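Take a look at the structure set out below.
Residue numbers (UniProt numbering): 1 to 524.
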């Protein structure tokens with residue numbers, strides 16, 4: 001078949017067709033349409049024919065009938081089409097309709113959140129579930145973890161986390177590490193951003209880095225429970241610089257793992273703003289840098305004491321209560337917690353109590369704090385019981401006061417052991433009470449390990465000595481004293497006191513494996 005000519009020009013009300021076109025038929029049809037063309041009367045003479053054609057373009061087959069202008073009376077072209085419903089493959093909503101639908105769905109989700117008491121203001125721009133049902137699923141999951149509406153309002157971006165893609169993989173990973181499920185609620189309250197994290201990209205590298213700092217695998221879960229924020233730190237940022245600084249001031253490299261296990265918050269502390277000013281202030285107070293390093297090894301939480309908020313005001317309070325400035329380094333070294341507690345109310349309360357039970361003068365209270373700073377945290381019941389015990393032993397109020405000022409530790413010792421020591425003093429040693437008034441530290445020595453063996457040796461040799469000469473020395477020194485021809489008075493009068501140099505002695509070999517927490521009620 002041959003197409004002679006086909007010219008078509010389309011305008012709003014005009015269609016010219018010049019053709020002598022036989023019927024063309026292609027048999028693969030998906031869409032058929034019929035078009036009836038009616039021409040104005042002035043085109044009858046020009047066209048004056050009826051042409052019927054079939055065409056197939058890109059899989060579409062059409063049949064068209066052109067009717068002679070003689071059958072048309074209208075001055076306009078009338079076009080009518082009958083369409084068959086297209087395949088769903090090509091049925092797509094317009095972009096504007098899709099946008100309107102998204103806006104409508106988001107409005108429904110927002111309204112749902114408001115009904116629950118969740119403020120969605122911060123969620124603009126965040127990808128959220130398109131249906132209320134999916135959002136309900138996320139909220140229910142968070143509720144099952146123990147989070148409340150208030151928790152969600154504190155960090156509403158958590159609603160952008162998918163339960164299956166984000167929450168479950170992260171929580172499963174933490175559980176496999178050993179983080180206890182009972183801690184998940186507090187964990188997520190402190191660091192809800194973890195639910196956005198990728199296990200492989202974000203979390204696993206941090207855990208590996210912590211292990212590289214000599215934190216034992218079994219301790220990793222406890223570190224994360226204490227300080228979940230560490231999972232958001234950059235590996236070569238604050239974490240590495242804080243550790244490097246501590247090692248630089250003398251913290252043993254083998255102790256780093258234990259320090260971080262006890263107080264992982266160090267990993268988030270800035271050296272220039274927190275750690276260095278704290279160390280330099282204590283150093284300026286008179287504590288050697290190596291001694292500070294040893295204090296940090298034993299009680300790393302002291303780095304969390306605010307320098308301006310706590311440390312400086314507390315030291316000023318000690319001076320107000322008749323503590324000598326020269327004694328401040330010794331006080332801090334003996335009891336570092338004293339610079340981190342709410343100190344002034346404790347000082348007021350303890351001074352008032354001791355004054356009421358043994359009639360202690362305000363000036364003497366400063367001496368007591370210098371010798372045993374832990375007294376600021378000593379329970380009232382303990383002090384009353386110990387004072388009553390001494391009075392019951394036959395000491396006068398004045399003698400008890402003198403003994404407490406000389407050795408405040410007698411207000412904190414185990415009462416049962418004190419009773420055994422006193423019974424031995426009376427029954428076996430048969431010394432006057434004045435000996436104990438002169439050397440109340442007698443109660444601080446072990447009865448079986450020190451008092452009895454030395455007393456028997458001295459009694460066997462027939463020596464007459466003070467309790468201070470007998471007890472206030474090492475075993476080696478005591479053996480040397482037994483060879484003396486005379487007993488030197490200065491040795492007899494020497495009282496035990498805190499030695500700052502003892503802090504700078506090397507730690508024992510077992511210290512790096514002992515990460516047990518120190519008891520908080522040591523002086524309860």
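All residues carry an ideal CB built from backbone N, CA and C; glycine is no exception. Keep in mind that this is a model prediction, so the values were computed, not measured.
Coil, strand or helix - residue 408 by DSSP = helix
Give a single yes or no on whether residue 229 has its beta carbon closer than 7 Å to a heavy atom of the ligand GDP.
-> Absence of the ligand GDP is noted for the structure shown, with no ligands found whatsoever.
So, helix, strand or coil for residue 131, using DSSP?
-> coil
Residue 438, enclosing alpha helix (DSSP H) - first and last residue | 433 to 438
DSSP state of residue 292 mapped onto helix, strand, coil = helix
So residue 332 packs on residue 285, CB below 8 Å; how close in whole Å?
-> 7 Å
With a Cβ-Cβ cutoff of 8 Å, do residue 249 and residue 293 count as a contact?
-> yes
What do you reckon, are the CB atoms on residue 213 and residue 160 nearer than 8 Å?
-> no
Inter-residue CB distance, residue 405 and residue 411 (contact presumed, cutoff 8 Å) = No, residue 405 and residue 411 are not in contact; Cβ-Cβ is about 11 Å, not under 8 Å.
Report the option in 163, 393, 136 and 347 whose CA atom is closest to the CA atom of residue 376.
-> 347
Let me know the secondary structure DSSP gives residue 421 once reduced to three states.
-> helix
Counting Cβ pairs, one atom from each stretch, are 3 or more of them under 8 Å apart for the stretch 147 to 164 and the stretch 175 to 182?
-> no
Around the C-beta of residue 263, are 16 or more other C-beta atoms found within 10 angstroms, so that it is buried, or is it exposed?
-> buried
Can residue 340 and residue 365 be called in contact, C-beta distance under 8 Å?
-> no
Output the distance between the C-alpha atoms of residue 337 and residue 371, rounded to the nearest integer angstrom.
-> 15 Å
Ordered along the chain, which non-local residues of its own chain (more than five positions away) have a Cβ less than 7 Å from that of residue 343?
-> 314, 317 and 376
Span of the alpha helix (DSSP H) holding residue 187?
-> 184 to 190
Would you kindly report the start and end of the unbroken alpha helix (DSSP H) that includes residue 172?
-> 168 to 177
Measure from the alpha carbon of residue 153 to the alpha carbon of each residue in 119, 390, 182 and 101, then state which is nearest.
-> 119
For residue 215, count neighbouring C-beta atoms within 10 Å of its own C-beta (all shown protein chains included) and say buried if the count is 16 or more, exposed if not.
-> buried
Report yes if the C-beta distance between residue 389 and residue 418 is below 8 Å; otherwise report no.
-> yes
Compare the Cα-Cα distances from residue 349 to each of 380, 334 and 363 and report the closest residue.
-> 380
When you compare only the Cα positions, how much space is there between residue 203 and residue 172?
-> 12 Å
Closest Cβ-Cβ distance between residue 383 and chain C: below 8 Å?
-> Of the protein chains in this structure there is only one, and it is not chain C.
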